[in-house]
Amino acid sequence: MGTIKSLNKWANAHSYYPLDFLRIALGAFLIIKGFNFMGNTLELLELIKPMKSLVGEMIAIHYVVPAHFIGGLLIAFGLLTRWACIAQLPILIGAVIINFAGTMNATNLILASVALLLCVFFAIFGSDKHSMDKYFKMYQ
């Protein structure tokens with residue numbers, strides 16, 4: 001608990017508007033990817049082809065779309081940012097691995113890698129001063 005408090009103190013001392021913009025952009029990117037996978041499940045099934053079992057496909061479809069959509073909303077608004085980023089980590093690690101296991105697509109690899117790094121950063125850094133978390137803490 002002391003570690004989280006010290007991380008929060010450090011994050012509050014180093015808050016900048018570009019980090020807020022970066023958090024909102026990451027959330028918007030995840031929302032767009034969630035809508036993309038929701039509307040095009042065949043593309044998602046093609047991406048997870050290395051996990052060929054039916055159970056793996058169903059878990060992936062029913063986890064990836066809601067996690068991207070809801071997690072993206074939470075990250076964009078700065079509400080439960082750490083938890084939302086931690087929920088994205090298995091998906092993004094899987095996206096990076098799938099690029100190496102299946103057909104290599106440089107654009108998808110770069111997007112997945114950047115999103116993974118940003119999620120790791122915001123899982124450690126948390127939401128900033130300009131977030132719903134901070135708003136709810138101030139007016140409790």
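Position 140, counted from 1, in the sequence shown is what our numbering calls 140; the numbers after and before it change by one each time, with no gaps. For glycine and all other residues, C-beta sits at the position ideal for the given N, C-alpha and C.
**Item:** Whole-angstrom distance between S131 and S113, CA atom to CA atom
**Value:** 25 Å
**Beta-carbon contacts of F69 that lie in its chain and below 8 Å, excluding the five residues immediately before and after** = L30, I31, G34, F35 and M38
**Asked** Which class does G102 belong to by DSSP, given the choice of helix, strand or coil?
**Response** coil
**Request:** Go through its chain and collect everything with a Cβ distance to I24's Cβ below 6 Å, but skip five positions before and after it.
**Result:** A76
**Item:** Reduced DSSP category for S127 - H, G, I as helix; E, B as strand; rest coil
**Value:** coil
**Message:** Quick check on this structure: which residue in F100, V65 and I86 has the alpha carbon closest to the alpha carbon of E43?
**Reply:** V65
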